[in-house]
Amino acid sequence: MTLENILEAKQYLEKIVQVKPEIAIILGSGLSPLADRLEDSITIPYKDIPHFPVSTVKGHKGNLIVGKIKNKYVLCMQGRFHYYEGYTMQQVTFPIRVMQMLGIKTLIVTNAAGGVNKSFKAGDIMLITDHISRMPNPLIGPNEETLGERFPSMTNIYDKNLRQLALEFAQNNNITLKQGIYVGNTGPSFETDAEYIMFRQLGISAVGMSTVPEVIVAAHAKMKVLGFSVISNVFNEDILQEPTHEEVLENVSLANVKLIEILEGVIPKID
Ligand code: HPA
């Protein structure tokens, strides 16, 4: 992925999109309906964008959608690229570089994750306070100085002020918003029982296979980041009765409705 590739993708998009969004959202599984609710929207399939990877996961959509939420234009990624699919870290984070070139200042990341915090239930929404990475760093390799510095800070990457906006909106609208640390693993295997227990002992609340690479690159690009995990399942060694797949899906879709409400409430307040 060269600077030239990023520029070609940017130039292609600038020809199609006449507006200049400063907020981008990566929609995790099940959150596509948010993109369908945008006003004055325009949909650009990933396959049409020069050098853009194309999603391999069945049922995952692959579109960039630009449109309006209230007074704000946003750029949505409907479908993301996972390291476990076999993409390089440069491919996984290519869209973030294109966003950077397009002038995106705030990145909102969402994902589905496993809960390890004992107080969590399937269907909870967790505001990501910080992350722990167990994936290869996407910034490994020569540093492109025009994109960011060699040793970028990773302090307060999930911006405290943005988190405050989300917490206030949730509280004012009677939506329960948990908070916690997300650990990014490569997948595709789920965690062993010992790993889930280790993560909990480390103070981690949620476990997933995405988000961390995109957030590291966004921080390198000096974007502000806000992140949410929808808890799709909870590891609990004391409960032998696993929820059915239908129960999990039902919980997640209820949570997604609430998360869309939070996003539509918070986005107009981001400056
Ligand atoms: N582990 C990792 N990733 C996940 C999980 C999990 O338990 N649930 C949803 N994504």
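According to my numbering, the sequence shown is numbered sequentially starting from 168.
Cβ atoms here follow ideal geometry from the backbone N, Cα and C, with glycine treated the same way.
Through-space distance from I271 to I263, alpha-carbon basis = As a first step, residue 263 must be located in the sequence shown, where it is residue number 96. As a first step, residue 271 must be located in the sequence shown, where it is residue number 104. Going from the Cα of I263 to the Cα of I271 covers about 9 Å.
In whole angstroms, what is the alpha-carbon distance linking V259 and E381?
-> Start at 1 with the first residue of the sequence shown, and residue 259 comes out as number 92. Start at 1 with the first residue of the sequence shown, and residue 381 comes out as number 214. V259 and E381: Cα-Cα distance of roughly 7 Å.
Please report the Cβ distance between Y250 and M302, rounded to the nearest whole angstrom; I am assuming they are in contact, meaning their Cβ atoms lie under 8 Å.
-> Indexing the sequence shown from 1 puts residue 250 at position 83. Indexing the sequence shown from 1 puts residue 302 at position 135. Rounded, the Cβ-Cβ distance is 6 Å, consistent with contact.
Excluding the five sequence neighbours on either side, which residues of its own chain have a C-beta within less than 7 Å of the C-beta of S199, listed in chain order?
-> For the purposes of this step, residue 199 is identified with residue 32 of the sequence shown, where counting begins at 1. Cβ neighbours of S199 beyond the five flanking positions: K228, Q245.
Mapping DSSP to helix, strand and coil, what is K345?
-> Stepping through the sequence shown from its first residue, residue 345 is reached at position 178. In the structure shown, the three-state DSSP call for K345 is strand.
Are I371 and I299 closer than 8 Å when you measure CB to CB?
-> By one-based count along the sequence shown, residue 371 stands at place 204. By one-based count along the sequence shown, residue 299 stands at place 132. In this structure, I371 lies near I299, with their beta-carbon atoms less than 8 Å apart.
Collect the residues with a C-beta less than 6 Å away from any heavy atom of ligand 1 and give them in sequence order along the chain.
-> Per the Cβ criterion, the list is A279, A280, G281, F357, E358, V374, G375, M376, S399, N400.
For V186, I'd like the list of residues in its chain whose CB is within less than 8 Å of its CB, leaving aside the five on either flank, ordered along the chain.
-> For the purposes of this step, residue 186 is identified with residue 19 of the sequence shown, where counting begins at 1. Excluding sequence neighbours, V186 sits near V233, Y240.
Heavy atom of ligand 2 less than 7 Å from the Cβ of N339, yes or no?
-> Absent from the structure shown: ligand 2. Ligands present: ligand 1.
Of the residues D405, L314, F248, which one's Cα is nearest the Cα of L269?
-> For this step, residue 269 is matched to residue 102 along the sequence shown. Closest by C-alpha distance to L269, out of D405, L314, F248, is L314.
Grouping DSSP H, G and I as helix and E and B as strand, with all else coil, what is K214?
-> Translated into positions along the sequence shown, residue 214 becomes position 47. If DSSP states are grouped into helix, strand and coil, K214 belongs with the helices.
Do A289 and S196 come within 8 Å of each other at the CB atom, strictly closer than that value?
-> Along the sequence shown, one-based indexing puts residue 196 at 29. Along the sequence shown, one-based indexing puts residue 289 at 122. No, they are not a contact pair.
I think L416 touches F395, with their Cβ atoms under 8 Å apart; what is that distance to the nearest whole Å?
-> Here the question's residue 416 lines up with position 249 in the sequence shown. Here the question's residue 395 lines up with position 228 in the sequence shown. Actually they do not touch by this definition, with Cβ atoms about 18 Å apart.
Tell me E206's beta-bridge partners as DSSP assigns them.
-> Sequence index remark: in the sequence shown, residue 206 carries index 39 (1-based). E206 is bridged to K235.
Q257 to S377 span [Cα, whole Å] | Residue mapping note: residue 257 aligns to position 90 of the sequence shown, counting from 1. Residue mapping note: residue 377 aligns to position 210 of the sequence shown, counting from 1. Q257 and S377: Cα-Cα distance of roughly 14 Å.
DSSP state of L306, grouped into three classes?
-> Within the sequence shown, numbered from 1, the residue matching residue 306 stands at position 139. Coil, per DSSP.
Reduced DSSP category for F395 - H, G, I as helix; E, B as strand; rest coil | Taking the sequence shown and counting its residues from 1, one reaches residue 395 at position 228. Residue state, collapsed to three classes: strand.
Going straight from the alpha carbon of I275 to that of A361, what length do you get?
-> Start at 1 with the first residue of the sequence shown, and residue 275 comes out as number 108. Start at 1 with the first residue of the sequence shown, and residue 361 comes out as number 194. A direct Cα-to-Cα measurement between I275 and A361 gives close to 31 Å.
Which one of D291, F366, I295 has the shortest CA to CA distance from Q331?
-> In the sequence shown, the residue the question calls residue 331 occupies position 164. Q331 has its Cα closest to that of I295, out of D291, F366, I295.
Could you check the C-alpha separation between K327 and N172 for me, to the nearest Å?
-> Reading the sequence shown from its first residue, position 160 is the one you call residue 327. Reading the sequence shown from its first residue, position 5 is the one you call residue 172. Cα to Cα, the separation comes out at about 33 Å.
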